[in-house]
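Chains as they are written, first to last, in numbering that gives the first Met the number 0: chain A, 0 to 394; chain B, 0 to 394. We put the beta carbon where it would ideally sit given N, CA and C, even for glycine.
Protein chains: 2
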Amino acid sequence: MAEVAVFGYGTVGSGVVEVIDNNAELMKQRGADLHVKYVLDIRDFSDDPISSRLVKDVDVIINDPEISVVCETMGGATFAYEYSKKALEKGISVCTSNKELVEAKGAELMEIAKAHGCNYLFEASVGGGIPLIRTINEALTAERIDRIYGILNGTTNYILTKMDENGADFADVLKEAQELGYAEKDPTADVEGHDACRKIAILASLVSGKKVNWTDIETEGITKIDTEDFKYAKELGCSIKLIAMCDFNDGCSAMVSPRLITADSPLNSVKGVFNGVLVHSDMLDDSMYYGRGAGKLATASAVVADAFECVHFAGKEVGRGWSSETLKLCDPGEMKGRFFVRVENTGAEEAAKVLGATEILKHEKETGLVSAEMTGNDFKNKLSGLSGVIKFIRF
Amino acid sequence: MAEVAVFGYGTVGSGVVEVIDNNAELMKQRGADLHVKYVLDIRDFSDDPISSRLVKDVDVIINDPEISVVCETMGGATFAYEYSKKALEKGISVCTSNKELVEAKGAELMEIAKAHGCNYLFEASVGGGIPLIRTINEALTAERIDRIYGILNGTTNYILTKMDENGADFADVLKEAQELGYAEKDPTADVEGHDACRKIAILASLVSGKKVNWTDIETEGITKIDTEDFKYAKELGCSIKLIAMCDFNDGCSAMVSPRLITADSPLNSVKGVFNGVLVHSDMLDDSMYYGRGAGKLATASAVVADAFECVHFAGKEVGRGWSSETLKLCDPGEMKGRFFVRVENTGAEEAAKVLGATEILKHEKETGLVSAEMTGNDFKNKLSGLSGVIKFIRF
């Protein structure tokens with residue numbers, strides 16, 4: 000039997016205990032016999048059945064030679080970092096859902112793991128329960144991945160789906176999402192795209208083998224998307240999604256932004272809190288991975304799947320990491336694409352000409368245009384010379 | 000360096016050589032240094048650069064102590080079986096794209112592999128390049144899978160997509176697919192659902208741990224789907240897909256049949272030769288895996304990914320298998336669902352009443368109905384008492 004410790008008894012941490020307690024027999028048949036021996040939390044859970052396994056001192060755990068895996072679900076990059084490091088230095092593998100820590104200190108922690116013959120795994124840090132990290136690490140091993148493009152934040156996808164389906168305002172849907180627990184009280188990290196950005200930074204680091212800083216990635220949230228945008232999108236047969244992407248065709252470019260998604264894209268049908276990620280690679284072409292990108296049990300299940308592999312493949316290096324060398328990203332303005340532009344009717348004719356519009360949608364007071372394909376820099380240059388421009392959204 | 004032998008230099012086999020030759024450096028960085036030492040084929044390829052590595056005698060390969068993995072891409076269940084067995088008995092892992100052999104002899108070959116400390120892996124036998132077997136084996140390890148439901152045959156999905164988009168006849172689209180190389184000269188295995196059936200039998204065996212015989216699965220192909228069906232489907236906001244499914248909620252039920260797929264299903268946007276498979280499990284809920292279910296490089300890439308794991312995790316048991324005990328399937332007629340029924344106008348009123356129709360679509364000479372939810376047995380009983388029934392399609 001492999002003894003497991005859970006760091007942090009919050010939503011995901013209690014989910015980890017639930018998943019292991021419920022499905023231990025199943026996992027045993029599949030090759031790893033896991034049991035939760037300790038839960039580390041400074042809070043009091045005296046009414047919870049967990050209380051008998053609760054400890055407040057991390058040293059009790061890492062000094063117990065029976066512990067072979069830690070599931071770190073504390074969040075944050077201070078105590079989680081310190082405790083993860085301590086565990087790894089003892090040769091105890093750490094599996095985490097903590098994207099902030101993985102993005103900030105992943106390279107260092109993976110290096111420590113390697114030096115001590117254990118693993119630092121982080122499936123749950125991106126895409127919740129969707130096996131995305133594992134697919135890149137263990138399934139697409141014969142593939143040169145050249146593009147990742149997808150919906151990595153369930154909160155914003157829920158908001159955009161509701162705006163699309165009900166013609167509702169951003170503010171109203173956000174409020175509803177908060178009431179339903181799909182959005183935080185302070186929704187900034189989600190709606191400004193920071194959460195999706197951290198996740199694409201992790202994926203870009205994994206594919207490139209070098210550290211991609213999330214703060215280097217051009218990021219735009221969904222707060223400026225309005226009901227009029229969705230009217231145009233419908234006319235164009237599109238939906239609007241917050242897309243996090245990275246492209247490795249000529250260096251590495253990365254971006255998080257709302258985009259118009261055509262009906263023939265499999266991302267178009269990724270609705271509500273679901274995530275969906277398209278991976279393009281040289282042999283397989285497009286593949287997509289879809290599922291719940293958040294939620295207690297889905298995320299916990301991914302943490303436990305990592306713990307399973309640490310135990311089942313004990314002594315082997317599972318997955319890959321990246322070095323602490325920072326990858327310099329390309330100018331995102333050099334990425335080519337088409338742009339949807341809303342312009343006041345007075346400026347529409349000129350805008351259509353300058354942008355080589357392929358679609359022109361007349362509304363009462365304004366016009367929607369779809370530009371020809373061009374780089375972002377070209378587009379912004381052209382845009383700066385136009386009058387009456389209201390806004391633009393990328394394709 | 001791990002030396003690899005490829006059994007069979009057909010489409011997939013030559014793809015395996017291409018994938019390893021092209022991406023060997025990449026795989027080396029990722030933890031497995033593969034090199035193709037031999038290709039086994041009785042045919043002559045004297046003009047092909049492969050000729051220097053070509054052997055006609057399997058014993059040359061299995062008696063070479065340098066060989067650690069065989070990629071079996073011969074097809075069929077006679078020589079492929081004999082040679083795979085020989086290799087495994089020597090402790091050489093075998094990775095295959097051969098669904099016929101996996102379905103027929105997988106349990107025995109996995110047992111032999113286990114007894115000889117090597118692996119028998121078969122990612123490429125289901126869903127081509129989509130990491131589906133690996134996801135079930137290595138990612139969803141903490142999940143109780145209760146349902147698999149998806150599009151597992153690219154040829155029929157191509158045909159149905161073209162019929163849907165162009166209003167074309169089955170026969171015409173089949174001819175076009177044959178000309179494009181998407182359908183075989185003898186298309187029976189695809190259009191009658193046998194190919195999808197073998198694949199769902201493999202998935203059902205993997206999930207249940209017992210052998211599911213493909214011949215035990217109720218299977219219906221797409222040859223009877225016509226342009227009128229697609230007209231009704233459009234009115235219902237649906238597409239028609241050939242769905243292979245298995246359900247483990249109360250024993251194991253399995254079926255392959257055309258089904259109406261509603262617009263809100265992520266399977267609806269799986270078009271052309273692509274495959275898409277929804278997996279439902281207890282912690283993660285729905286997840287979907289999408290990609291090219293066939294094709295030289297996509298399939299080869301999956302074979303090579305298996306070879307990578309055999310080398311990277313040498314000495315460990317990778318994945319899971321099933322026993323040779325046959326799983327008795329439940330009566331598929333006990334599965335509940337809704338049914339779309341076409342009935343001549345003269346019998347429509349009575350049919351709507353008997354079937355508790357929730358939708359009634361009047362066409363010129365006939366009527367389309369959507370039944371209430373009921374078991375297949377109930378439905379067929381009710382149907383037998385009705386007059387003027389033209390056909391039915393499941394939801």
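The contact set of A/E316 on chain B, defined by CB atoms closer than 7 Å, consists of G30 in chain order.
The three-state reading of DSSP puts A/L241 in strand, counting E and B together.
At a beta-carbon threshold of 7 Å, none of the residues of chain A lie near B/A243; the nearest stands roughly 18 Å away. A/L328 sits close to A/A253, with the two beta carbons spaced by under 8 Å. Shown here for B/A297: same chain residues with a beta carbon closer than 6 Å to its own, the five before and five after excluded, namely G127, G128 and R291 in chain order.
Contact between B/L241 and B/N156 holds, with the beta-carbon distance rounding to 7 Å and staying under 8 Å. Counted as a single uninterrupted DSSP element, the beta strand (DSSP E) harbouring A/Y37 occupies residues L33 to L39.
Residues of chain B whose Cβ lies closer than 7 Å to the Cβ of A/I66 do not exist; the shortest such Cβ separation is about 19 Å. Beta-bridge annotation (DSSP): A/Y288 is paired with A/V276 and B/Y288. If one requires a minimum length of 4 residues, the alpha helix (DSSP H) runs lying completely within the region 153-182 of chain B are 153-165 and 169-178, in chain order. In summary, the residues of the region 2-26 of chain A whose CB is separated from some CB of chain B by less than 7 Å are V18, N22, L25 and M26, in the order they occur in the chain.
Collapsing the DSSP output to three states places B/K315 in coil. Cα atoms of B/E24 and B/V3: separation of roughly 15 Å, rounded to the nearest angstrom. Between A/S51 and chain B, the shortest Cβ-Cβ separation is not below 8 Å. Straight across, the Cα-Cα distance linking B/L39 with B/E99 is about 19 Å.
Taking 8 Å as the upper bound for CB-CB distance, A/L151 and A/V269 are not in contact here, some 11 Å apart. Distance from the CA of A/E333 to the CA of B/Y289, rounded to the nearest whole angstrom, comes to 30 Å. What B/A304 touches in chain A, judged by beta-carbon distance under 9 Å, is E137, A138, L139, T140, A141 and E142, going in chain order. The residues L87, N118 and Y119, in chain order, have a CB closer than 6 Å to that of A/A112 in the same chain once the five nearest residues on each side in sequence are set aside. Proximity of chain A to B/Y289 at the Cβ level (cut-off 9 Å) is accounted for by P265, G275, L277, D285, S286, M287, Y288 and Y289, in chain order. Close to B/R319, with beta-carbon spacing below 9 Å, are these residues of chain A in chain order: Q28, R29 and G30.
For B/M254, the uninterrupted beta strand (DSSP E) run begins and ends at S252 to T261, by DSSP. Judged by beta-carbon spacing, B/G336 lies beyond the 8 Å limit of B/F391, meaning their Cβ atoms are not closer than that value. Neighbours of B/S204 in chain A, taken as residues at a C-beta separation under 9 Å, are lacking, since the least C-beta distance is about 15 Å. Excluding its 5 nearest sequence neighbours in each direction, B/V317 has C-beta neighbours in its own chain below 6 Å: N118 and E308, listed in chain order.
With a threshold of 16 other beta carbon atoms within 10 Å, A/H362 falls short and is exposed. For the region 317-344 of chain A, the continuous beta strand (DSSP E) assignments of 3+ residues that do not extend past its boundaries occur at 338-343, in sequence order.
No Cβ of chain A is located within less than 8 Å of the beta carbon of B/A112.
Against chain B, the beta carbon of A/A299 has neighbours under 9 Å at A141 and M282, listed in chain order.
Taking all protein chains shown into account, A/D163 has 16 or more neighbouring C-beta atoms within 10 Å of its C-beta and is therefore buried. For B/T357, there is no enclosing beta strand (DSSP E), as DSSP marks it with neither H nor E. Close to B/L296, with beta-carbon spacing below 7 Å, are these residues of chain A in chain order: M282. With its beta carbon at least 8 Å from every one in chain B, A/R258 lies outside the interface. The alpha carbon of A/R146 has as its nearest neighbour, out of A/D285, A/G208 and A/T160, the alpha carbon of A/D285.
B/S50 sits in a helix when the DSSP states are folded into three classes. Three or more pairs of CB atoms, one per stretch, sit closer than 8 Å, so the region 350-362 of chain A contacts the region 225-242 of chain A.
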